[in-house]
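K.L.:
So that we are looking at the same thing, I have put the structure below in structure tokens.
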Amino acid sequence: MTFTYGAYTACLQDRTLDEALDVLALAGLHGAEINTGGFIPAPHAHVDALLGSERARREYLRVFEDKGMALTGLTVSGNPLSPLPTEGIGHAHDLRRTIELAGKLGVRDVVAMSGTPGTDAGARYPAWIVNPWNGIDLEILEYQWSVAVPFWREIDALARQHDVQIAFEMHPRNLVFSPPTFEQFLDRVEPTNIGVNLDPSHLFWQQMEPIDGIERLGAHITHVHAKDTAVLPGAATRGVLDTAFDPVPEDPALRTPTGIGHHCSTWPADPAWRFVALGEGHDVDYWTRFLTALAAVNPDLHVNIEHEDAAFGQVEGLERGARTLLAAAERARV
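Residue numbering for the sequence shown follows our numbering, beginning at 7 and increasing consecutively.
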């Protein structure tokens, strides 16, 4: 088998599905990953209509076929374990619906996040424990795992029922944010249908080496986001766990969107790191080695660009990323 190269359409949410697929096709890509809930809206997939109608599902898949594109994943990145009423219950509902929809559409991959509970049963907000060298933090983590384990065992069974593979993005502010924390998840949950979405961008800024992570995780990698990060000189004094951010700018022209109606906080003037278009942080040679390492552990992967570099427009950023990714794919012969 060979890889399918595509893109996650969240950065094109101001376009129709047809328009978004045209952008991907013109960039030389052949796969599309669609958002279906969680933190950001889902304008490219009307989930209720698709769940309720076989005809709607046929017509939806025909859109991809007519464009020469494959539907290679549904993404529902959220926090289904959050104690916030605006997050946890709704995101868990979105996750269950997405798994059911993926099964009905014949889509193998559902991209999700492991989530973050609060510190205890009475907590109002999620709490990410990152360095539990003292006993209190370890106690919090044990409570959080006690929430996560039964939830994800239930979700794993649902994925198994619908013949779907969930792929965790190892994202900071989640219980699973690194290869070792995914291994903890494996030990505690013993899943059959939950693996890893290898997104190197979040490993880069935590100062991990994604290729080493690929070798460690092996066949647990079931999906890939092609996304880049530049670690900047500010890291020398800020470190990569910097908290010196300001609120979202009041001026709409200065905001960095992460989806319709969602924006990043204001970054420091000299940040430790930032997301960049694929190729702006690491060159084609690096991505060639990255793809080669992936092929060695799983030769049947969907590799989708995720564009979040505010220095480039939506289409320009995707096109730049596609040139880098496809050049690397040609060199790696995967």
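Just so you know, even glycine gets a beta-carbon here, dropped at the ideal spot from N, CA and C.
Give the list of continuous alpha helix (DSSP H) stretches no shorter than 4 residues that lie fully inside the segment 40 to 94.
P.N.:
List check, alpha helix (DSSP H) in window: 53 to 58, 60 to 72.
K.L.:
Does DSSP put E148 in a helix, a strand or coil?
P.N.:
The answer is helix: DSSP assigns E148 an H, G or I state.
K.L.:
Pull up the DSSP beta-bridge partners for D20, would you.
P.N.:
D20 pairs with nothing; no bridge assigned.
K.L.:
Give me, in chain order, the residues of the same chain whose beta-carbon lies closer than 8 Å to that of T122; leave out the 5 immediate sequence neighbours on both sides.
P.N.:
If we look at T122 and ignore the five residues flanking it on each side, its Cβ neighbours are N85, L87, S88, P132, A133, W134, Q150, R179, N180, L181.
K.L.:
Given V195, which residues of its chain have a CB within under 7 Å of its CB, disregarding the five upstream and five downstream residues?
P.N.:
V155, W158, R159, D162.
K.L.:
Would you kindly report the start and end of the unbroken alpha helix (DSSP H) that includes Q171?
P.N.:
No alpha helix (DSSP H) contains Q171, which is instead part of the beta strand (DSSP E) from 171 to 175.
K.L.:
So who's on the other strand from Y11, going by DSSP bridges?
P.N.:
V309.
K.L.:
What distance in whole Å lies between the Cβ atoms of I40 and L77, which are believed to be in contact at a cut-off of 8 Å?
P.N.:
Right, their Cβ atoms sit about 7 Å apart.
K.L.:
Just to confirm before moving on: does the CB-CB distance between H308 and V230 stay below 8 Å?
P.N.:
Cβ atoms of H308 and V230: closer than 8 Å.
K.L.:
Tell whether a beta-carbon distance below 8 Å holds between H269 and D234.
P.N.:
Not a contact, by the Cβ cut-off of 8 Å.
K.L.:
Going straight from the alpha carbon of A127 to that of I200, what length do you get?
P.N.:
Their Cα atoms are separated by approximately 26 Å.
K.L.:
Tell me the rounded alpha-carbon separation between S83 and F174.
P.N.:
Roughly 9 Å separates the two Cα atoms.
K.L.:
Put F281 into one of helix, strand or coil per three-state DSSP.
P.N.:
Three-state result, F281: strand.
K.L.:
Tell me where the beta strand (DSSP E) around I227 begins and ends.
P.N.:
Looking at the DSSP string, the run of the beta strand (DSSP E) that includes I227 is 227 to 232.
K.L.:
Excluding the 5 residues flanking F188 on each side, which residues of the same chain have their C-beta closer than 8 Å to its C-beta?
P.N.:
Excluding residues within five positions, the ones whose Cβ falls inside 8 Å are F174, M176, V182, V202, L223, H226.
K.L.:
Would you list the residues sitting across from D252 in a DSSP beta bridge?
P.N.:
Paired residues: T272.
K.L.:
Check whether the segment 293 to 301 touches the segment 246 to 257, taking contact to mean three or more Cβ pairs, one atom from each stretch, closer than 8 Å.
P.N.:
Taking 8 Å as the limit for Cβ pairs, the verdict is that the segment 246 to 257 does not touch the segment 293 to 301.
K.L.:
Hey, out of I95, T8, Y14, T42, whose CA is closest to I311's CA?
P.N.:
Ranking I95, T8, Y14, T42 by Cα distance to I311 puts Y14 first.
K.L.:
State the Cα-Cα distance for the pair A62 and W279, rounded to the nearest angstrom.
P.N.:
Between A62 and W279, the C-alpha separation is close to 43 Å.
K.L.:
How close, in whole Å, do the beta carbons of R114 and V170 come, if the pair is a contact with beta carbons under 8 Å?
P.N.:
Going by Cβ atoms, the distance from R114 to V170 rounds to 7 Å, so yes, they are a contact pair.
K.L.:
In whole angstroms, what is the alpha-carbon distance linking P216 and L284?
P.N.:
Roughly 14 Å separates the two Cα atoms.
K.L.:
Could you tell me the alpha carbon to alpha carbon distance between D218 and A317, rounded to whole angstroms?
P.N.:
Distance between the alpha carbons of D218 and A317: 29 Å.
K.L.:
Note the first and the last residue of the continuous beta strand (DSSP E) segment covering A129.
P.N.:
Note, A129: premise wrong, no beta strand (DSSP E); not H, not E.
K.L.:
Compute the Euclidean distance between the alpha carbons of E314 and F281, then round it to the nearest angstrom.
P.N.:
One C-alpha to the other measures close to 6 Å.
K.L.:
Could you say which of Q320, V290, E322, N304 lies nearest to L332 if we only look at CA atoms?
P.N.:
When only C-alpha atoms are compared, the closest one is V290.
K.L.:
Expressed to the nearest angstrom, what Euclidean distance is found between the alpha-carbon atoms of G43 and H97?
P.N.:
When rounded, the distance between both Cα atoms is 7 Å.
K.L.:
Whose C-alpha, out of P197, P186, Q190, is nearest the C-alpha of L389?
P.N.:
Outside the shown range of the chain (7 to 340) lies residue 389, about which nothing can therefore be said.
K.L.:
In chain order, what are the residue ranges of uninterrupted alpha helix (DSSP H) at least 4 long that sit wholly in the segment 190 to 241?
P.N.:
List check, alpha helix (DSSP H) in window: 206 to 211, 216 to 223.
K.L.:
In three-state terms, what does DSSP make of G319?
P.N.:
Here G319 sits in coil by DSSP.
K.L.:
Compare the C-alpha of Q190 against each of A275, L204, S152 and name the closest.
P.N.:
Ranking A275, L204, S152 by Cα distance to Q190 puts S152 first.
K.L.:
Which residues does DSSP list as the beta-bridge partners of D115?
P.N.:
Q171, per the DSSP bridge assignment.
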